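Under the numbering used here, residue 835 is the last one in the sequence shown; the count climbs by one each step, no gaps.
For every residue, glycine included, the Cβ atom is placed at its ideal position computed from N, Cα and C.
Model, not experiment: these values are computed from the prediction.
Here the structure comes first, spelled out in structure tokens, and everything after it is commentary.
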Amino acid sequence: MPTSFSRRGLLLTSGGAALSLGLLPGPATAAPAVDGDEFDTLRARWRTLLLGEGFRPTAEPFRSKLAALGTTATGHAAAMAPADGSLWPDAVWADPDPDTDAESYAFSGAIQTSYARLYAMAEAWSQPGTGVTGDNALADRVVEGLDHLYARVYNERQARYGNWYSWQIGGPQGLLDTAVLLYDRLSADRIAAYCRAVDAFVPDSAVAQYTGTSTGANRIDLCRVLAVRGVLERRADKIALASRAIAPVFPYVTSGDGLYADGSIIQHTVVPYTGSYGAVLLDGLSKLLALLGGSTWEVTDGGKQIVFDAVEAAYAPFLHNGLCMDGVSGRAISRGLPPGDSRGQNDDQLRGHSLMASVVALGQGADAKTNARWRALVKGWITRAHYRPAATDPQLSVAKLSLLGGVLDDATVRAAEQPTGSRVFPAMDRAVHRTRDWVASVSMASRRITYYENGNGENLRGWHTGSGMLYWWGDDYANDQYSDRFWPTVDPYRLPGTTASAKRLADGEGGIWGAALPDVDFAGGTGDGTYTVLGQHLKGLSSTMRAHKSWFLLDDAIVCLGSAITATDGTPVETIAENRHLGADGQGRLTVDGSVQPTATSWSATLTRPRWAHLEGHGGYLFPHRTPLKALREERTGSWHDINTATGATTPVSSRYLTLVLDHGSAPVDEEYAYVLLPGAGALRTAARSATLRQWLRHSTTRDVHGVRAPALGVTAAAFFAAGTFETLTSSAPACVLVREHRDGTAAICVSDPTRTLRELTLTWHRPVRSVTSRPGTLTSATTGPALRLTFGDLSGTGGTTQQTTVRLH
């Protein structure tokens, strides 16, 4: 986990003159000898992995990308101004008296920034068509910069300060990759010096234990540093160590960082991170396997198949039409840029595009059948990337663009259709539900999974993203819903799907690196792969607010229920039925019970006893309890710097929102709510579903039991927050249950323990059952006849996963 180090008392080495060969320390320790040709092969291979291959530099998007790369490099070269504490004036790594850890972080981050700029210059020198390809003056400036950084800050005599990541991963990766590209222009003495610096901050002991900052994605990054460092100075021992040290990443974990058997990916112990650290892991691993494949140090551990399996089990569920869902991207959701910024836009779209390229790269090391299947998946995502084209994304590297372009242009690859299905990821309190027409995801929190993560000044207002946030996207519409300017402009107290107190919270409330953990156990759900029930015992962050929340994910609807909503803070408590992002100038006509509401930019009203509402271009909403509904339109302005003081731009951006609020008052006691979301439904269909609601859906909300029955689907489901009964289901303890009856006379009974604490559970389904045809190992007894009685043993070790029993009905 990231650690902050104070810089007080640390001495920063900074010679008074530029580095010369005469100042370089003595020769490196002798290393085992290996045929130089193999090192040359690996170095050339890494160069290709960095630069890409098989593309035409005069064709788009490469022509524009390469030209922009040249412009960037030229700008960096012109602005470079070596000084005692910096290489560029805006990236200062030295300060006489830093007052805070945040300042110390910023100073260490300048080292990483400086190496990243040198790499950009080296890439422009190496790539064709940049306008500075092979330019001697540019290469000289890069070498000058490398020497300056070595002499003044990144060397074996320097004490580490600030963020460990800059010293062990961010900085050395930029340094080593730059040195690979400029290898023929660097003397052996220079390379030895740079490698000694890397060895000082990334010693062999960095991967001696699979713990702390050497797990998951961080571990792969460290192995990458060791491997490329070994290639650069022909050190077989370093490459061998990197190859061996990859192996601990492969096995499934049951706690802490890593990949779980249920498809969850965790980093920093308590943060769902499929879309950020998980993406880094996949990208780094694809490169390392490609680098070492067929060499003396090829990774042969059979455990790597687990990572191959994860492409479809862990990553693909969170990719939708080119984007990667924000609910599994941690603090990366705050790393944005203002629209129109020449650097592009860092959002769910970019994360998805980059992850897709990593899947293509990893596929090159998989078997032919698997590779073909993955390429079909990627082509499907590319062709459905309606909001921002993936294969021409200007923010992707040339190498990643070449990977995606290769798939798009391959006539032998047929785009795979959008998969359907419903899955719970209990190890990270997340769920994804897919239909033919829309996709949804729910984010929860518990004592196992944090409300949100902030750190390094990032994601300062993500407080309620784990309080039941409900994300949803259409098949060919609303795919920019959380992209672009959503996070700097949305009201952080009114995230869609959440129940939250309006109590004001401080930036970074609850502590850094996911320290904000609610002391509750119940979060999770169960399902049969098509439908899902979820439940969350919610405790508000730094507030007295408490609630029971549930979601029933069906074929064309999401039923949202809440109860036991109680708070004593004296501030309003609200459930946000919707907070739809309309864009910079969107209108989004709102119709309520057939009456069109005002479209003014700023408007609010309390609607009494509404039965249904419809938001044009998005979907419909049903309100079976006909409780008062507050609707408001507003244009909100903010900046990325408001939520990310580390890298966020200060340029203000604005966007419009339509919000639907269920107000529980400022002193609620056991309040409840019920609403039904109909993604993509038109106004006529919404009205019709409302008129026939009691025919196609029955629901019940008591303090401790939420239940839904959808007769046409054969579904009866309940979230039992305590022992209780819903219609034909009775549970002896807290659990999530979903029963689905099939037309062939069978039924599936799906049960999970969202608390991870149950030692015994008895479930009774008051329905005649002839026999049990399949059962999980946790089922200790089953009684059939006029009713089905299932007794489960210890469920605490099942990790909240579904225990499914199949029966034949009378």
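Straight-line gap, residue i to residue j (C-alpha atoms, nearest Å)
i      : j      : result
Lys394 : Tyr340 : 18 Å
Phe343 : Ala162 : 45 Å
Leu738 : Phe745 : 21 Å
Asp202 : Arg215 : 14 Å
Gly288 : Tyr502 : 27 Å
Thr17  : Thr240 : The requested residue 17 is not part of the displayed model; the chain covers only 26 to 835.
Val840 : Glu181 : Nothing can be reported for residue 840: it is not among the residues displayed for the chain, which extend from 26 to 835.
Val229 : Arg781 : A small fix is needed here, since residue 229 is Asp in this sequence, not Val. Going from the Cα of Asp229 to the Cα of Arg781 covers about 38 Å.
Arg571 : Arg728 : 12 Å
Thr676 : Trp665 : 8 Å
Pro649 : Leu718 : 8 Å
Thr555 : Glu169 : 59 Å
Arg792 : Ser777 : 20 Å
Asp372 : Leu426 : 17 Å
Gly522 : Met494 : 5 Å
Lys329 : Val274 : 9 Å
Gly533 : Arg254 : 37 Å
Ala357 : Gly377 : 12 Å
Thr626 : Arg605 : 14 Å
Ala265 : Arg221 : 18 Å
Leu640 : Asn346 : 22 Å
Leu19  : Trp512 : This structure cannot settle anything about residue 19, because the visible part of the chain is limited to 26 through 835.
Cys349 : Ala758 : 36 Å
Val223 : Ala527 : 48 Å
Thr750 : Val730 : 7 Å
Gln612 : Ser680 : 11 Å
Leu380 : Glu85  : 21 Å
Thr569 : Ala304 : 36 Å
Asn396 : Gly388 : 5 Å
Val423 : Arg81  : 11 Å
Asp109 : Val178 : 9 Å
Arg561 : Arg400 : In the sequence as displayed, the identity of residue 561 is Gln instead of Arg. For Gln561 and Arg400, the distance between alpha carbons rounds to 37 Å.
Thr490 : Thr514 : 15 Å
Bridge-paired residues (DSSP) for residue i
i      : result
Ser311 : According to DSSP, Ser311 bridges with nothing at all.
Gln561 : Ala548, Lys574
Tyr698 : Gly587
Tyr646 : Ala638, Leu702
Pro653 : BP columns for Pro653 are empty, so no partner.
Leu316 : Answer is none; Leu316 lacks a bridge partner.
Arg459 : Gly446, Val464
Thr616 : Val621, His639
Phe745 : Val730, Ala760
Pro521 : According to DSSP, Pro521 bridges with nothing at all.
Glu599 : Ala525, Asp688
Secondary structure of residue i, DSSP reduced to three states
i      : result
Ala231 : helix
Lys404 : helix
Thr827 : coil
Leu566 : coil
His689 : coil
Arg814 : strand
Ser359 : helix
Tyr496 : strand
Ile537 : coil
Leu46  : The predicted model places Leu46 with a pLDDT of 31, which falls under 50 and marks its position as unreliable; any figure quoted below should be read in that light. Of the three classes helix, strand and coil, the one that applies to Leu46 here is helix, per DSSP.
Val256 : helix
Glu659 : strand
Trp790 : strand
Trp488 : coil
Cβ of residue i within 8 Å of any chain D Cβ
i      : result
Thr670 : Looking at the structure shown, chain D is missing, and only one protein chain is on hand.
Of all the alpha helix (DSSP H) runs that stay within the bounds of the segment 77 to 133, which reach a length of 4 or more residues? 87 to 104
For the segment 636 to 652 against the segment 702 to 709, are there 3 or more C-beta pairs whose distance is under 8 Å? With a cut-off of 8 Å, the segment 702 to 709 and the segment 636 to 652 count as touching, because enough Cβ pairs lie within range.
Go through the segment 418 to 453 residue by residue and report every complete run of the beta strand (DSSP E) that reaches 3 residues or more, in order. 446 to 450
Using 8 Å as the cut-off, can you tell me whether the segment 630 to 643 makes contact with the segment 308 to 325, which would need three or more C-beta pairs spanning the two stretches below that distance? Contact between the segment 630 to 643 and the segment 308 to 325 is absent: fewer than three C-beta pairs spanning the two stretches fall below 8 Å.
Is the segment 284 to 299 in contact with the segment 326 to 335, if contact means three or more CB pairs nearer than 8 Å? yes
Every unbroken alpha helix (DSSP H) within the segment 322 to 358, with a cutoff of 4 residues, ordered by chain: 329 to 335
Any contact of the segment 543 to 561 with the segment 444 to 452, i.e. 3+ C-beta pairs under 8 Å? yes
Touching or not, the segment 527 to 547 and the segment 610 to 625, by the rule of three or more beta carbon pairs under 8 Å? no
Which parts of the segment 750 to 774 are runs of the alpha helix (DSSP H), unbroken and 4 residues or longer, counting only runs that do not cross its ends? none
Is the segment 459 to 477 touching the segment 655 to 669, taking contact as three or more C-beta pairs under 8 Å? no
Counting pairs of beta carbons, one from the segment 686 to 697 and one from the segment 584 to 603, are three or more of them closer than 8 Å? yes
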